[in-house]
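Protein chains: 2
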Amino acid sequence: MIDQLVTTNVQQLIAEKQWMTLRELVADWPAPEIADLLNELGKVERVVFFRILPRKRANEVFVYLSLDEQNQLLKDLTDEETRQLLADLSPDDRTMLLEELPGRVSQRLLNLLSPEDLTEARQLLGYPEDSVGRLMTPNYVAVQRDWTLAAALTHIRTRARESETINVIYVVDKDWRLLDALELRRFIFGEPDATVASIMDDTFIAISAFADQEEAVRMMQRYDLDVLPVVDSDNVLVGIITADDVLDVAQEEATEDFHRTAAVAPLNVSYSDIGVPQLYRKRIGWLLALVFMNIFSGAAIAAFEETIAAAVALVFFLPLLIDSSGNAGSQSATLMVRALAVGDVRVGDWGKLLGRELAVATLLGVSMSIAVAVVGIFRAGPEVAMVVSLTMMLVVLAGSLIGMSLPFIFSKLKLDPATASAPLITSLADISGVLIYFSLATWLLGVG
Amino acid sequence: MIDQLVTTNVQQLIAEKQWMTLRELVADWPAPEIADLLNELGKVERVVFFRILPRKRANEVFVYLSLDEQNQLLKDLTDEETRQLLADLSPDDRTMLLEELPGRVSQRLLNLLSPEDLTEARQLLGYPEDSVGRLMTPNYVAVQRDWTLAAALTHIRTRARESETINVIYVVDKDWRLLDALELRRFIFGEPDATVASIMDDTFIAISAFADQEEAVRMMQRYDLDVLPVVDSDNVLVGIITADDVLDVAQEEATEDFHRTAAVAPLNVSYSDIGVPQLYRKRIGWLLALVFMNIFSGAAIAAFEETIAAAVALVFFLPLLIDSSGNAGSQSATLMVRALAVGDVRVGDWGKLLGRELAVATLLGVSMSIAVAVVGIFRAGPEVAMVVSLTMMLVVLAGSLIGMSLPFIFSKLKLDPATASAPLITSLADISGVLIYFSLATWLLGVG
């Protein structure tokens with residue numbers, strides 16, 4: 000039995016949310032004592048207390064609980080009241096206090112829950128948003144390596160109804176660590192008396208529950224798989240994800256990137272369902288930010304007011320030049336954003352791709368210079384045409400370089416590479432375009 | 000036996016590529032006679048002749064051939080020499096002459112081929128580019144409804160190795176028409192003596208081989224399926240498509256839409272593999288087109304040269320106003336392009352969505368008017384601020400309406416809704432922005 004005083008002390012620390020003190024207090028206690036203490040606590044206290052235990056310790060404590068106590072704890076873990084309490088923790092505290100649950104606890108917890116409760120449970124298990132852990136289901140069939148195929152098939156039969164797939168059967172050890180992934184046909188067409196070990200090939204592809212969901216998309220595409228086993232950091236099998244779930248993710252990620260590229264915050268709801276106030280909120284942020292961004296283009300123009308006043312005809316070519324720069328930049332940025340998203344290009348590849356981008360941008364710049372020179376000669380004579388043509392060459396180069404670099408810069412800043420890329424590039428292209436154009440004009444035409 | 004003269008006549012018509020005459024000639028011939036004639040012809044002639052037969056007739060003729068002759072014909076169908084001849088037909092002739100092959104012929108043909116030959120065979124079968132027919136594989140297991148489960152399992156066992164999935168087993172009738180799609184577990188866990196008919200539920204979801212691949216993406220997402228059976232226009236099962244294939248399609252379609260939105264022609268190859276000349280070609284087309292488009296903005300500005308000369312300070316706000324219009328328009332267009340692509344919105348929904356877009360655009364316009372009015376007062380006094388503020392309101396509305404409408408207009412014109420949407424909208428926003436801004440300025444400030 001645990002000292003009543005100790006229990007009271009622990010309860011007080013929980014009430015005062017003195018998490019760190021509590022954690023230090025129990026750091027050296029033996030697991031059986033913590034297990035006893037857990038049973039003395041009320042429902043909410045018990046969950047909080049269990050949740051702040053270090054991972055290894057939590058596993059030991061869990062083993063010391065009776066089966067009934069284990070189930071009760073797991074049910075309490077997902078109870079609304081305790082969930083709320085845990086959710087109220089600040090994100091920093093959460094990361095510091097709440098570790099990943101031990102693999103065995105996760106597996107038991109996930110199997111215990113109704114599908115409706117799964118969404119919240121995945122959150123409680125500590126897997127970050129957009130991680131594979133948030134997407135997986137516990138509805139798979141696992142067998143042990145020393146079973147006979149007949150015994151395995153009997154087990155598969157009992158689990159078949161609630162399993163997402165029985166195309167693939169997983170082999171785990173006593174601690175539920177993943178050993179192999181075998182196709183059902185091997186069990187059906189093998190000798191019933193043979194052991195599972197005899198049909199194992201020891202080759203399988205698994206994904207970490209902490210991996211980004213986009214990584215799962217890439218793995219399924221690369222290896223042409225319809226289902227992937229998900230393991231935690233101890234290589235314990237905690238779930239599976241299927242291609243149809245991953246398909247949803249791929250579509251959602253693409254949609255978010257599309258919206259981000261055009262400076263719309265991710266909607267989190269289908270376009271046809273969203274209301275006017277939400278749609279306004281998703282769009283206004285970047286639009287306002289870009290207004291202030293564009294004041295710089297205005298300021299650049301204001302700096303050349305005299306040049307403009309002296310040669311108003313120059314303004315004719317302004318939209319054409321800055322838009323061309325922005326268009327070339329958007330092309331480069333979009334190519335890069337998508338190549339990064341599908342894993343075709345990595346964040347470290349910027350230098351490697353720079354040469355090719357320069358070559359393409361030069362070709363584009365030359366072609367467009369020629370096109371605009373023809374327009375320039377007819378419209379404003381050879382002198383202005385030369386300025387416009389030279390400007391076009393330079394702004395297409397500048398736009399392309401800004402466009403290809405921005406997604407990499409965003410990645411380095413831990414932002415999504417797609418973030419507002421198209422309008423930002425348009426604004427940056429405007430500023431650089433105005434400066435290049437009127438500087439050249441002032442210099443070459445001797446105006447201003 | 001067929002008359003030697005008839006054979007010579009047919010051979011001559013083939014040599015002269017008189018396809019229509021040939022087709023009319025044999026229209027009324029009985030199937031056994033055509034079968035005999037086929038055997039008289041050389042390899043290339045035989046294939047061409049078979050390929051131009053009307054669908055129903057081709058099926059009858061095929062049945063009259065011996066098994067050897069059938070296999071020979073099918074192999075010849077995919078032979079390089081005959082493939083080339085058929086490929087050389089003009090697209091119009093192809094559509095007119097080459098009908099869909101009968102379901103039984105398709106199934107046999109696909110099963111006969113190596114995976115490498117499948118790509119070309121799908122083309123020969125007459126399924127259009129980007130159709131489900133081009134994506135399917137013939138590697139599935141089909142059983143008959145009057146078989147026992149034991150017999151079905153024996154068949155499944157023999158076909159298991161080369162099947163893409165055995166999670167789902169298909170039930171077909173004697174003509175290979177699809178009757179049901181059943182999960183393998185039903186076969187394993189049913190009574191061995193029971194018939195397949197006894198475990199059928201007569202509910203299944205299938206997709207036409209002629210459907211667009213994007214439709215398959217939507218169906219798999221909506222019904223959470225990992226595999227879809229593919230049927231031809233006679234409801235004959237011709238193949239299956241799996242979620243991992245569809246995942247590739249979804250990613251490719253999204254990539255193409257991304258590129259199109261930024262005015263890059265679809266690459267058809269991964270970004271990291273493309274060379275400088277191809278990349279140049281994919282980008283220059285729209286860039287040049289947009290240069291000429293932007294001449295209109297220049298012309299609009301030129302029309303207001305006097306206004307500008309009289310109040311050069313107005314130019315300060317020009318990039319800000321036209322970019323804001325373009326940004327709002329790009330947001331609207333991107334939201335719509337993606338909603339159309341994932342099937343969230345249909346082409347007929349324009350009118351229904353117009354009201355919401357107007358409401359959101361008005362809110363955005365008011366917010367941005369206020370923001371720009373503040374800048375305007377400090378920079379250029381209350382009069383110019385009023386003009387700028389009012390212009391902002393109008394150009395955000397105009398940009399949003401153009402942006403939301405353009406994808407629908409492209410759809411009506413049978414173009415991809417994503418086509419160059421962002422830069423086109425920027426250009427259109429420029430033109431309308433310049434006209435609105437300087438018209439208001441001329442009118443309200445009395446300049447020009």
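Protein chains in written order, with numbering that gives the first Met the number 0: chain A, 0 to 447; chain B, 0 to 447. Every residue gets a Cβ at the ideal spot worked out from N, C-alpha and C, and that includes glycine. All of these numbers come straight from a predicted model, not from anything done at the bench.
State the Cα-Cα distance for the pair residue i and residue j, rounded to the nearest angstrom.
i	j	result
ILE401 of chain A	ILE206 of chain A	36 Å
LEU357 of chain B	PHE257 of chain A	22 Å
MET19 of chain B	GLU59 of chain B	20 Å
ALA264 of chain A	ASP343 of chain A	25 Å
HIS154 of chain B	ARG185 of chain B	15 Å
ALA379 of chain A	ALA312 of chain A	7 Å
VAL365 of chain B	PHE316 of chain B	17 Å
TRP175 of chain B	GLN69 of chain A	54 Å
VAL43 of chain B	THR136 of chain B	26 Å
MET292 of chain A	ALA261 of chain A	16 Å
GLU251 of chain B	GLU161 of chain B	27 Å
ARG54 of chain B	ASP225 of chain B	32 Å
THR194 of chain A	TRP146 of chain A	5 Å
ALA141 of chain A	ARG217 of chain B	31 Å
Using a cut-off of 8 Å between C-beta atoms, extract the partners of residue i located in chain B.
i	result
ARG282 of chain A	ALA327, GLN330, VAL359 and LEU363
LEU224 of chain A	ASP243
PRO422 of chain A	ASP322, GLY325, ASN326 and SER329
Take the Cβ of residue i as the centre, count every other Cβ of all protein chains shown within 10 Å, and call the residue buried at 16 or more, exposed below.
i	result
GLN449 of chain A	There is no way to answer for residue 449 of chain A, as the model of chain A reaches only from 0 to 447.
GLY445 of chain A	exposed
ASN326 of chain A	buried
ALA14 of chain A	exposed
VAL346 of chain A	exposed
TRP448 of chain A	The structure shown has nothing for residue 448 of chain A, since chain A only spans 0 to 447.
ALA26 of chain B	exposed
THR202 of chain B	exposed
GLY354 of chain A	exposed
ASN166 of chain A	buried
ASP192 of chain B	exposed
ILE204 of chain A	exposed
Taking residue i as the query, report the chain A residues whose CB atoms sit under 7 Å from its CB, ordered along the chain.
i	result
ARG355 of chain B	VAL275
Can you tell me where the alpha helix (DSSP H) with residue i in it begins and where it stops?
i	result
THR241 of chain B	Run containing THR241 of chain B: none in the alpha helix (DSSP H); it sits in the beta strand (DSSP E), 236–241.
ILE408 of chain B	349–411
LEU436 of chain A	What sits at residue 436 of chain A in the sequence shown is Tyr, not Leu. Counting along the chain, the alpha helix (DSSP H) containing TYR436 of chain A begins and ends at 420–444.
ALA141 of chain B	No alpha helix (DSSP H) contains ALA141 of chain B, which is instead part of the beta strand (DSSP E) from 141–143.
ALA309 of chain B	304–309
VAL46 of chain B	42–50
GLN220 of chain A	212–222
ILE33 of chain A	30–39
ILE321 of chain B	317–340
LEU72 of chain B	66–76
THR20 of chain A	18–25
Chain A partners of residue i, CB-CB under 8 Å?
i	result
ALA262 of chain B	ASN326, SER329 and GLN330
ALA308 of chain B	ALA308 and VAL311
Between which two residues does the beta strand (DSSP E) holding residue i run?
i	result
PRO228 of chain B	226–230
ALA180 of chain B	177–182
ILE168 of chain B	167–171
Listing by chain order, which chain A residues have their CB less than 9 Å from the CB of residue i?
i	result
MET219 of chain B	ALA242, ASP243 and LEU246
ARG54 of chain B	By Cβ distance, chain A contributes nothing, its closest Cβ being about 34 Å from ARG54 of chain B, past 9 Å.
GLU213 of chain B	What GLU213 of chain B touches in chain A: nothing, since even the nearest Cβ is about 11 Å away.
Hey, is residue i close to the ligand MG, as in C-beta under 7 Å from one of its heavy atoms?
i	result
SER207 of chain B	The ligand content of the structure shown is nil, which means the ligand MG is not present either.
Mind listing the chain B neighbours of residue i? Cutoff is C-beta to C-beta under 7 Å, in chain order.
i	result
SER426 of chain A	ASP322
* Residues of the region 314–339 of chain A with a CB closer than 9 Å to any CB of chain B: list them in chain order, please. => VAL314, PHE315, PHE316, LEU317, PRO318, LEU319, LEU320, ILE321, ASP322, SER323, GLY325, ASN326, ALA327, SER329, GLN330, SER331, ALA332, THR333, LEU334, MET335, VAL336, ARG337 and ALA338
* Residues of the region 270–301 of chain A whose Cβ lies closer than 7 Å to any Cβ of chain B, in chain order -> TYR270, SER271, VAL275, LEU278, TYR279, ARG282, ILE283, LEU286, LEU287, LEU289, VAL290, ASN293, ILE294, SER296, GLY297, ILE300 and ALA301
* To do: Give the residues from the region 238–256 of chain B that approach chain A closer than 7 Å (Cβ to any Cβ), ordered along the chain.
  => THR241, ALA242, ASP243, VAL245, LEU246, ASP247, ALA249, GLN250, ALA253 and THR254
* Select from the region 14–48 of chain B all residues with a C-beta closer than 9 Å to any C-beta belonging to chain A, and list them in chain order. => none
* **Residues from the region 59–77 of chain B in contact with chain A, defined by Cβ distance under 9 Å** => none
* Asked: Mind listing which residues of the region 187–210 of chain B have their C-beta closer than 8 Å to chain A's C-betas, in chain order?
  -> ILE187 and PHE188
* Can you list, in chain order, the residues of the region 374–406 of chain A whose Cβ is nearer than 7 Å to any Cβ on chain B? -> VAL374
* Asked: Which residues, in chain order, does the region 165–186 of chain A contribute to contact with chain B at a C-beta distance below 9 Å?
  -> ILE165, ASN166, GLU182, LEU183 and ARG184
* **Residues in the region 130–146 of chain B having any Cβ partner in chain A nearer than 9 Å** => none
* **Residues in the region 148–163 of chain B having any Cβ partner in chain A nearer than 7 Å** => ARG156 and ALA159
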